[in-house]
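K.L.:
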Amino acid sequence: MSALLASAAVAAWLAAPQQVTPHPNPEPARTTYQELPAGKWVEHPTTGIWYGLTEATDWRAAEASAQQMGGHLVTIRSMEQLDWLREQFGTEKLWIGLSDSGEEAVFTWASGEVCDFRFWSWGCPDNFGLGESYVYMNHSYFGDWNDSGAPESPELELRGIVELPHPPGDYDGDGLSDDLERVLGSDPADFDSDDDGLSDFEEHRGWGAGNWRTDPTAFDTDQDGLSDGQEGGRAQGVEPDRLRDIPGTNLAVFRPDEDPESTTDPTRPDSDLDGALDGEEDLDHDGVRDSDETDPLDSGDQGLKLRSDSWQDRDEALLEIVGAEPGANITIYAARCVRTMQSGTSTLDLIDEPAITLASRRANTRGQAQWVVRGTQWISAQGPVWLQAVEVNRDGLRRITLPLLATDSPSGS
Numbered sequence: 509m510s511a512l513l514a515s516a517a518v519a520a521w522l523a524a525p526q527q528v529t530p531h532p533n534p535e536p537a538r539t540t541y542q543e544l545p546a547g548k549w550v551e552h553p554t555t556g557i558w559y560g561l562t563e564a565t566d567w568r569a570a571e572a573s574a575q576q577m578g579g580h581l582v583t584i585r586s587m588e589q590l591d592w593l594r595e596q597f598g599t600e601k602l603w604i605g606l607s608d609s610g611e612e613a614v615f616t617w618a619s620g621e622v623c624d625f626r627f628w629s630w631g632c633p634d635n636f637g638l639g640e641s642y643v644y645m646n647h648s649y650f651g652d653w654n655d656s657g658a659p660e661s662p663e664l665e666l667r668g669i670v671e672l673p674h675p676p677g678d679y680d681g682d683g684l685s686d687d688l689e690r691v692l693g694s695d696p697a698d699f700d701s702d703d704d705g706l707s708d709f710e711e712h713r714g715w716g717a718g719n720w721r722t723d724p725t726a727f728d729t730d731q732d733g734l735s736d737g738q739e740g741g742r743a744q745g746v747e748p749d750r751l752r753d754i755p756g757t758n759l760a761v762f763r764p765d766e767d768p769e770s771t772t773d774p775t776r777p778d779s780d781l782d783g784a785l786d787g788e789e790d791l792d793h794d795g796v797r798d799s800d801e802t803d804p805l806d807s808g809d810q811g812l813k814l815r816s817d818s819w820q821d822r823d824e825a826l827l828e829i830v831g832a833e834p835g836a837n838i839t840i841y842a843a844r845c846v847r848t849m850q851s852g853t854s855t856l857d858l859i860d861e862p863a864i865t866l867a868s869r870r871a872n873t874r875g876q877a878q879w880v881v882r883g884t885q886w887i888s889a890q891g892p893v894w895l896q897a898v899e900v901n902r903d904g905l906r907r908i909t910l911p912l913l914a915t916d917s918p919s920g921s
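Rendered as structure tokens:
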């Protein structure tokens, strides 16, 4: 007789319409993450939701454990879902997320969802012995439900079915495990920890035209003044998950690229090796080349430059070459005479007065070279001293800088 009644109950539930209304904010305040318990985790083949089991405990502790993992005890929305859960976990009685602990005889789901589906055992809920506020799923063939008594009752040490909207161990579901994010320094509960418009997953695994691997904790990985997202052409940030309270890109921090078709290298501060940082060429940092700006992808618009800091007490100064061809030989000369060529380009007059060779070395991979040069011996009251650099590349081609006057204040050409 009981089997016939159970069959009739199954048929009734299958015939009844099911209504599921997502709660506008089902996620409670975020709790501290803890390691997932050992056990079986499975992903639902159509919804992508993950399910696993807590350790054996009372209902309230099981729900607390589920929240620490970033989810809740399971909300069961349909007979199809119930059958699938029973196939995965139906070898023991298991807590589900239903209870009337808030208001007697008004059963609600821990997730906050409003869902009318129920599959009670015959005669349940019966509140037998009073205080039966928590619901478990039987391990019978049908997986029907029963309400249960006070949490401190020893016979109610059951495991609970946890429902996670993300893979286990990845609170924000961005594809990076929480443990890895802790090693990287990124936030396991934030899609875009540094608010540069790129997800933490993208930055760690590689993204963009160059499959760049940038720092998910650094707004500007190469420190050139442009954010990683700007250099890679990102006009929009990463969307948040508002239902789960997982933030995306903070738009108050994010700088969109207003010309996404043009991209620079977010791992090289000087993409075109012309001696100027990408952020120095894009003066307003908007990704668009304006009329008063140079192109961070065109090394020819900067040219070879010689720079100097101040000559304090006419003793020494730092000389710097930028915009050189990497590996080219750079020689710095000093002389007292400068003549102007008809083209308007100034050069040292090596005929009237021989130049002094101050220093020579090869440019580094960024097209730069530096020297600390002492000037006491040759800067004097006899007249101004001019400096000029000559570049000779591996093919023997020669370039020169504009002359630079050695003064007691910083200068550049």
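In the numbering used here, the protein residues as written are 509 to 921.
We put the beta carbon where it would ideally sit given N, CA and C, even for glycine.
Under a three-way DSSP split, which group does V518 fall into?
P.N.:
Any reading at V518 must be qualified, since the residue scores a pLDDT of 36, below 50, and its modelled position is unreliable; no value is offered.
K.L.:
Taking all protein chains shown into account, decide if S779 is buried (16 or more other Cβ within 10 angstroms of its Cβ) or exposed.
P.N.:
buried
K.L.:
What residue range does the beta strand (DSSP E) around M645 cover?
P.N.:
642 to 645
K.L.:
Taking the straight line between their C-alpha atoms, what separation do you get for V582 and E571?
P.N.:
The straight-line gap separating the alpha-carbon atoms of V582 and E571 is approximately 9 Å.
K.L.:
Pairing CB atoms from the region 683 to 691 with CB atoms from the region 734 to 749, are three or more of them under 8 Å?
P.N.:
no
K.L.:
Between the region 824 to 843 and the region 870 to 883, are three or more C-beta pairs nearer than 8 Å?
P.N.:
yes
K.L.:
Rounded to whole angstroms, what's the CA-CA distance from L664 to D566? Just pull it up for me.
P.N.:
6 Å
K.L.:
So what does DSSP say about V582, is it helix, strand or coil?
P.N.:
Coil at V582, not helix or strand.
K.L.:
Examine the Cβ distances between the region 748 to 763 and the region 692 to 703 and report whether three or more of them are shorter than 8 Å.
P.N.:
yes
K.L.:
My output table needs one value for V881: the three-state DSSP class, helix, strand or coil.
P.N.:
strand
K.L.:
What does DSSP give as the partner residue(s) for Q896 in the beta ladder?
P.N.:
Y841
K.L.:
Rounded to a whole number of angstroms, what is the C-alpha to C-alpha distance between L905 and E824?
P.N.:
Cα-Cα distance, rounded: 30 Å.
K.L.:
When the distance is taken between beta carbons, is V643 closer than 8 Å to Q596?
P.N.:
no
K.L.:
Taking just the CA atoms, how far does E801 sit from L791?
P.N.:
7 Å
K.L.:
Counting pairs of Cβ atoms below 8 Å between the region 622 to 632 and the region 645 to 657, do you hit three or more?
P.N.:
Three or more beta-carbon pairs separated by less than 8 Å link the region 622 to 632 to the region 645 to 657, which places the two stretches in contact.
K.L.:
Taking its Cβ as the centre, do 16 or more other Cβ atoms sit within 10 Å of L743, making it buried, or is it exposed?
P.N.:
The residue asked about is misnamed: residue 743 is Ala in this sequence, not Leu. Its Cβ having fewer than 16 others within 10 Å, A743 is exposed.
K.L.:
Report the partner residues of I754 according to the DSSP bridge assignment.
P.N.:
D749
K.L.:
Have a look at P804 and R750 and give me their C-alpha separation to the nearest angstrom.
P.N.:
Going by the C-alpha atoms only, they are around 38 Å apart.
K.L.:
Which class does R763 belong to by DSSP, given the choice of helix, strand or coil?
P.N.:
coil
K.L.:
Am I right that D708 and D682 are in contact with their C-beta atoms under 8 Å? What's the rounded C-beta distance?
P.N.:
5 Å
K.L.:
From which residue to which residue does the beta strand (DSSP E) around L672 run?
P.N.:
667 to 672
K.L.:
Compute every distance between the C-beta of E769 and the non-hydrogen atoms of the ligand SAH, then say whether any falls below 7 Å.
P.N.:
Questions concerning the ligand SAH fall outside what the structure shown contains, since it holds no ligand whatsoever.
K.L.:
Out of G631, A613, S607, which one is the CA nearest neighbour of G934?
P.N.:
Residue 934 is absent from the model: the chain starts at 509 and stops at 921.
K.L.:
Just how far apart, CA to CA, sit Q589 and G668?
P.N.:
16 Å
K.L.:
Would you report the Cα separation of S656 and G631, rounded to the nearest angstrom?
P.N.:
13 Å
K.L.:
For V691, name the three-state secondary structure that DSSP assigns.
P.N.:
helix
K.L.:
Could you work out which residue in E766, W894, E789, P768 is closest to S816 when comparing CA atoms only?
P.N.:
The shortest Cα separation from S816 among E766, W894, E789, P768 belongs to W894.
K.L.:
According to DSSP, what are the bridge partners of K813?
P.N.:
V830
K.L.:
Can you check which of these residues, P675, K813, E612, is closest to H552 by C-alpha distance?
P.N.:
P675
K.L.:
For K813, tell me which candidate among R907, Q576, M645 has the shortest Cα-Cα distance.
P.N.:
Out of R907, Q576, M645, R907 has the C-alpha closest to the C-alpha of K813.
K.L.:
Only counting the same chain, and skipping five residues up and downstream in sequence, which positions put a Cβ closer than 7 Å to that of A726?
P.N.:
D702
K.L.:
Would you kindly work out how many angstroms separate the C-alpha atoms of A717 and D678, rounded to a whole number?
P.N.:
27 Å
K.L.:
Restricting to Cα atoms, I'd like to know which of E612, L672, D806, I829 is closest to Y559.
P.N.:
L672
K.L.:
Counting only the same chain and skipping the five closest in sequence on each side, list residues whose C-beta sits under 6 Å from that of F615.
P.N.:
L606, D608
K.L.:
Buried or exposed, going by whether 16 or more other CB atoms sit within 10 Å of the CB of Q731?
P.N.:
exposed
K.L.:
Do you know offhand how far H580's Cα is from D680's?
P.N.:
15 Å
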